[in-house]
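The opening residue of the sequence shown carries number 0 in numbering that gives the first Met the number 0; numbering runs sequentially from there.
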Amino acid sequence: MERLATNSLLIPLLLLWLSVAARVASGKGNIYLQDACNVTQYHDLCVHSLASFSRTAGKSPRRWARAGVSVTIREAKGITQYMRGMKSTGSVRGKQGMVLSDCIECFQDGLDNLHQSLRVLRKLNAGKFDEQMNDVITWMSSALTDENTCFEGFGERNGDKLKVLIDKVVKVTYLTSNALALANKLASTGSTA
0 MERLATNSLL IPLLLLWLSV AARVASGKGN IYLQDACNVT QYHDLCVHSL
50 ASFSRTAGKS PRRWARAGVS VTIREAKGIT QYMRGMKSTG SVRGKQGMVL
100 SDCIECFQDG LDNLHQSLRV LRKLNAGKFD EQMNDVITWM SSALTDENTC
150 FEGFGERNGD KLKVLIDKVV KVTYLTSNAL ALANKLASTG STA
């Protein structure tokens, strides 16, 4: 009976300890996430989109930059597929259909630049750091320009499908802007770690 009472006391204490330990660990990750996102223009989106990287990225500007580019690539791929689906179903026609085709091309070019950036961020080396970061920032800036070109092409924004598409394009431009800010922060630190 005494053993059962001891165990029933230990279990809640163990659960309480685990809960506190998890909060402390997650708190550090949240501090690192907040710190990383402080340089971005779209702070709330940064925090939301990169929250899952809190533990792995820690204090590393390099890991935050890679995470930002990875998230942006995922979203840009998704919207490119979405646009291809719209084009194949013919849901956008006429001038807007031509703009949609141009948009798909812009996003594909942007994705190429984002992929190049991620490849370099994965292989940073101290001897070539400045040159590599200049390339990354140039490619990411080009990707952002491509995305903005897509957005600006839709002069008339009539129809629910088009509004949904434009919202998706805007979100990707915000993510790219955030990823670019994280890359600039990395470039300013000069750290390959």
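Yeah, the Cβ is synthetic: ideal placement off N, Cα and C, and Gly gets one too.
(request) Could you work out which residue in K184, G154, L174 is closest to I72 when comparing CA atoms only? (result) L174
(message) Need the endpoints of the alpha helix (DSSP H) that K170 sits in, please.
(response) 159-188
(request) Please go through the same chain and pick out, in chain order, the residues whose beta-carbon is closer than 7 angstroms to the beta-carbon of V68, but skip the five residues on each side of it. (result) L113, S116, L117, L120, A178
(request) Please go through the same chain and pick out, in chain order, the residues whose beta-carbon is closer than 7 angstroms to the beta-carbon of G109, but skip the five residues on each side of it. (result) A75, A142, D145, E146
(request) Go ahead and pull the three-state DSSP assignment for T144. (result) helix
(message) Please state the DSSP three-state secondary structure of V135.
(response) helix
(message) Between A56 and Y81, how many whole angstroms is the CB-CB distance? I'm expecting something under 8 angstroms.
(response) That belief does not hold up - the Cβ atoms of A56 and Y81 are roughly 28 angstroms apart, past 8 angstroms.
(request) Report yes if the C-beta distance between V135 and A180 is below 7 angstroms; otherwise report no. (result) no
(message) Could you tell me the alpha carbon to alpha carbon distance between G152 and V98, rounded to whole angstroms?
(response) 6 angstroms
(message) Going by DSSP in three states, K86 sits in which element: helix, strand or coil?
(response) helix
(message) Here's a check: name, in chain order, each residue in its chain whose Cβ is nearer than 8 angstroms to the Cβ of T79, leaving out the five neighbours to either side.
(response) I103, F106, Q107, L110
(request) Give me the Cα-Cα distance between A59 and V168, rounded to the nearest whole angstrom. (result) Residue identity differs from the one stated: residue 59 is Ser in this sequence, not Ala. So the alpha carbons of these two residues sit roughly 29 angstroms apart.
(request) Rounded to whole angstroms, what's the CA-CA distance from S221 to K94? Just pull it up for me. (result) Residue 221 lies beyond the range of the chain shown here (0 to 192); nothing can be said about it.
(request) Would you mind sorting T88 into buried or exposed? The rule is 16 or more other CB atoms within 10 Å of its CB. (result) exposed
(request) Using the Cα positions of F150 and K122, report the straight-line distance between them to the nearest angstrom. (result) 32 angstroms
(message) If contacts are defined as beta-carbon pairs under 8 angstroms, then L185 and M132 qualify, I think. What distance do you get, rounded to the angstrom?
(response) 7 angstroms
(message) Here's the rule: buried if 16 or more other CB atoms are within 10 angstroms of the residue's CB, otherwise exposed. What is V70?
(response) buried
(request) Along the alpha helix (DSSP H) that carries N112, what are the first and last residues, could you check? (result) 93-121
(message) Tell me which residue opens and which closes the alpha helix (DSSP H) that S51 is part of.
(response) Per DSSP, S51 belongs to no alpha helix (DSSP H) and is neither H nor E.
(request) Use the C-beta contact count for A125: other C-beta atoms within 10 angstroms, 16 or more gives buried, fewer gives exposed. (result) exposed
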